[in-house]
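Residue numbers (full-length UniProt numbering): 1 to 465.
C-beta atoms are modelled at their ideal positions from N, C-alpha and C, and glycine is treated no differently.
The structure appears right after this line, and notes come after that.
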Amino acid sequence: MESRSIQQRLGFSKPFFLGIGGSGMSSLAHILADAGFEVSGYDGKKSQVTENLEKKGVKIFSKLSELGENSEYDAAIYSSAIRLDSHPIAIFFKQKGIRFFHRSEVLHFCFEHLTCIAVGGSHGKTTTTAMTAHILDDLGYSPSVMVGGDVSFLNGVGGRFSSGKIGVFESDESDGTFLNHKAQVRILTNIDEDHLDFYHTREKLLEAFSQFISSGTHTVVLDLDDPGIADCLELIQDKSKIFGFTSSSNPTSKAIGLKNLVHYKIENKKLIFFMGGKEFEISSRFPGKHYLTNSLAGVLAAYSLGADPKEAAKSVSGYAGVKRRLEYIGNKNGVDIYDDYGHHPTEVQAVLSSIRELSGGRGKPVILFQPHRYTRTQNLYQDFARSLDQVETVLLLPIYSAGEDPIPGVSSELIADKMRIRPKILSGNLGADLSMLKEVLKSGDVFVSLGAGNVREWGLEFLKS
Numbered sequence: 001m002e003s004r005s006i007q008q009r010l011g012f013s014k015p016f017f018l019g020i021g022g023s024g025m026s027s028l029a030h031i032l033a034d035a036g037f038e039v040s041g042y043d044g045k046k047s048q049v050t051e052n053l054e055k056k057g058v059k060i061f062s063k064l065s066e067l068g069e070n071s072e073y074d075a076a077i078y079s080s081a082i083r084l085d086s087h088p089i090a091i092f093f094k095q096k097g098i099r100f101f102h103r104s105e106v107l108h109f110c111f112e113h114l115t116c117i118a119v120g121g122s123h124g125k126t127t128t129t130a131m132t133a134h135i136l137d138d139l140g141y142s143p144s145v146m147v148g149g150d151v152s153f154l155n156g157v158g159g160r161f162s163s164g165k166i167g168v169f170e171s172d173e174s175d176g177t178f179l180n181h182k183a184q185v186r187i188l189t190n191i192d193e194d195h196l197d198f199y200h201t202r203e204k205l206l207e208a209f210s211q212f213i214s215s216g217t218h219t220v221v222l223d224l225d226d227p228g229i230a231d232c233l234e235l236i237q238d239k240s241k242i243f244g245f246t247s248s249s250n251p252t253s254k255a256i257g258l259k260n261l262v263h264y265k266i267e268n269k270k271l272i273f274f275m276g277g278k279e280f281e282i283s284s285r286f287p288g289k290h291y292l293t294n295s296l297a298g299v300l301a302a303y304s305l306g307a308d309p310k311e312a313a314k315s316v317s318g319y320a321g322v323k324r325r326l327e328y329i330g331n332k333n334g335v336d337i338y339d340d341y342g343h344h345p346t347e348v349q350a351v352l353s354s355i356r357e358l359s360g361g362r363g364k365p366v367i368l369f370q371p372h373r374y375t376r377t378q379n380l381y382q383d384f385a386r387s388l389d390q391v392e393t394v395l396l397l398p399i400y401s402a403g404e405d406p407i408p409g410v411s412s413e414l415i416a417d418k419m420r421i422r423p424k425i426l427s428g429n430l431g432a433d434l435s436m437l438k439e440v441l442k443s444g445d446v447f448v449s450l451g452a453g454n455v456r457e458w459g460l461e462f463l464k465s
């Protein structure tokens with residue numbers, strides 16, 4: 001579909017993004033810019049993300065006053081993180097009579113003419129989306145892509161509108177809008193208890209994911225070893241579209257009878273899967289079982305759309321990763337420094353497992369963890385404590401609010417008090433905390449800044465010091 005017809009369907013050509021520097025919003029802005037829209041946006045902070053958008057001709061403002069009385073915009077695009085009733089630019093646009101569109105609605109319109117793969121799950125969505133898109137791109141499909149992170153094969157951005165007939169996008173369950181997307185093929189990596197501030201109960205969370213599974217019209221790729229997915233399968237009546245994979249020789253009873261079932265095993269840091277009487281091998285430059293199983297999900301999704309499974313599996317080894325997903329950012333005084341977006345106990349556990357492989361016994365893993373949101377900390381502080389107790393040296397930053405109001409009694413100390421080891425709690429002042437990092441880190445150590453807020457800045461500042 002030509003860009004003009006997409007503009008006609010959306011009914012606008014000059015959109016303005018509220019919070020354009022956010023991961024999902026910036027990716028969508030790149031897609032619209034590629035499709036010929038005249039894109040502008042607001043973000044209160046300059047970054048590499050906003051610079052990449054400006055290189056593409058996107059106009060970015062950091063203050064309401066910079067807009068003046070400009071009324072040339074014909075749409076305002078927002079995410080669920082934006083409070084429309086109090087955001088000054090949202091109020092300004094409402095007064096101008098400009099229409100508002102949620103980013104999920106715009107993504108749907110941009111991709112609805114394509115054969116789409118939607119990637120959902122509590123953890124691993126961004127990595128799996130990027131892996132799947134990389135596989136298809138490597139095999140010549142030239143997919144359009146929307147990833148909630150900056151991807152190497154997309155030249156360091158997270159979105160692309162392309163000439164191919166396939167679209168791959170990350171489907172975010174945090175606010176329920178993932179159920180609005182239409183995609184013939186779906187990947188579900190796992191189901192964990194997250195975003196209960198929105199769903200309130202595990203039962204409602206499972207019900208939403210069951211709708212996500214049931215809405216797939218061609219293929220739904222599932223990790224059948226995941227306990228949450230196993231529970232969710234109880235709610236699924238029609239399992240004919242499910243393409244499951246398992247490492248168990250005796251898969252859960254809920255998986256028995258599936259027409260499409262792939263078995264795999266992991267040996268010598270490689271994943272071997274069996275399909276059609278043949279054996280295929282996947283290797284990844286990133287450590288950890290979750291990278292291999294997420295890669296398998298991408299391979300099976302690509303295969304379901306006609307890709308050669310051997311070539312798809314082979315292409316995984318060339319995947320270079322996503323920014324803030326166990327991203328290596330440098331070495332200082334013999335200390336390897338990594339950064340990761342993990343902000344849920346299960347994600348923390350997976351990262352720490354991978355870091356143990358990376359350290360190789362040369363030094364100690366040192367984790368700087370920044371809790372993300374007061375509500376998540378309140379609900380999961382004991383689980384965070386258990387996950388962080390995997391390593392001996394943990395530093396904690398104050399909670400990153402992500403726009404939430406503080407909750408009395410909820411702080412990083414909740415996590416610290418439940419931990420077996422005694423973590424050091426830092427001030428949150430970057431300059432003051434740097435001296436503490438220098439005391440703790442020794443040559444041979446592996447340092448990881450971990451969290452969904454601005455914790456990365458501590459690792460970058462250490463590199464500069």
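Within a Cβ cutoff of 6 Å, which residues of the same chain sit near I415, ignoring the five residues on either side of it in sequence?
Along the sequence shown, one-based indexing puts residue 415 at 415. Result list for I415: Y381, F384, A385, in chain order.
Same chain only: Cβ atoms within 7 Å of S13, ignoring 5 sequence neighbours per side
Taking the first residue of the sequence shown as 1, we reach residue 13 at position 13. Within its own chain, the residues whose Cβ lies closer than 7 Å to the Cβ of S13, once the five positions on either side in sequence are excluded, are Q7, F37, E38, D74, listed in chain order.
DSSP puts I213 in a beta bridge; with which residues?
Here residue 213 refers to the residue found at position 213 when the sequence shown is read from its first residue. BP columns for I213 are empty, so no partner.
Thinking C-beta only, is L139 closer than 8 Å to S315?
For the purposes of this step, residue 315 is identified with residue 315 of the sequence shown, where counting begins at 1. For the purposes of this step, residue 139 is identified with residue 139 of the sequence shown, where counting begins at 1. Closer than 8 Å, so yes.
If you draw a straight line from the C-alpha of M146 to the C-alpha of L84, how long is it?
Here residue 146 refers to the residue found at position 146 when the sequence shown is read from its first residue. Here residue 84 refers to the residue found at position 84 when the sequence shown is read from its first residue. Taking the straight line joining both Cα atoms gives about 24 Å.
Length of the line joining the Cα atoms of V351 and F92:
Taking the first residue of the sequence shown as position 1, residue 351 is located at position 351. Taking the first residue of the sequence shown as position 1, residue 92 is located at position 92. The straight-line gap from Cα to Cα measures roughly 42 Å.
With a cut-off of 8 Å on the beta carbons, I'd call A118 and F169 a contact; round off their distance for me.
Here residue 118 is taken as the residue at index 118 of the sequence shown, counted from 1. Here residue 169 is taken as the residue at index 169 of the sequence shown, counted from 1. At roughly 6 Å, the Cβ-Cβ gap stays under 8 Å, so A118 and F169 are in contact.
When G431, L305, E439 are compared against W458, the one with the closest alpha-carbon:
The residue given as residue 458 occupies position 458 in the sequence shown. Of G431, L305, E439, the residue nearest in Cα terms is G431.
Just how far apart, CA to CA, sit Q378 and D194?
Position 378 of the sequence shown, counting from 1, holds the residue named residue 378. Position 194 of the sequence shown, counting from 1, holds the residue named residue 194. Approximately 12 Å between the Cα atoms of the pair.
I need the DSSP call for S26, collapsed to helix, strand or coil.
On the sequence shown, position 26 is the one that residue 26 refers to. Note: S26 maps to helix in three-state DSSP.
Which same chain residues end up closer than 6 Å to S317 when comparing Cβ atoms and leaving out the 5 residues on each side of it in sequence?
Numbered from 1 along the sequence shown, position 317 holds the residue referred to as residue 317. These residues qualify, in order along the chain: S283.
Environment of A307 [buried if 16+ CB atoms lie within 10 Å]
To locate residue 307, count along the sequence shown from 1; it is residue 307. Result: buried.
Within the chosen definition, does the stretch 231 to 251 reach the stretch 202 to 213 through at least 3 CB pairs nearer than 8 Å?
yes
With 16 other Cβ atoms within 10 Å as the buried cut-off, status of A320:
Mapped onto the sequence shown, residue 320 falls at position 320. Exposed is the call here.
If you drop the 5 nearest sequence neighbours on each side, which residues of the same chain put their C-beta closer than 8 Å to that of K436?
Translated into positions along the sequence shown, residue 436 becomes position 436. For the record, residue 436 in the displayed sequence is Met; it is not Lys. Same-chain partners within the cutoff: L395, K424, L426.
Run through the stretch 236 to 275 for me and flag every whole beta strand (DSSP E) of 3 or more residues, listed as ranges in chain order.
242 to 246, 260 to 267, 270 to 275
Starting from H102, follow the beta strand (DSSP E) in both directions and report where the run begins and ends.
Working through the sequence shown from its first residue, we reach residue 102 at position 102. 100 to 102 is the extent of the beta strand (DSSP E) around H102.
Rounded to whole angstroms, how far is the Cβ of V335 from the Cβ of D445, which I believe are closer than 8 Å?
As a working mapping, residue 335 is identified with position 335 in the sequence shown. As a working mapping, residue 445 is identified with position 445 in the sequence shown. Yes, they are in contact, since the Cβ atoms of V335 and D445 sit about 5 Å apart, within 8 Å.
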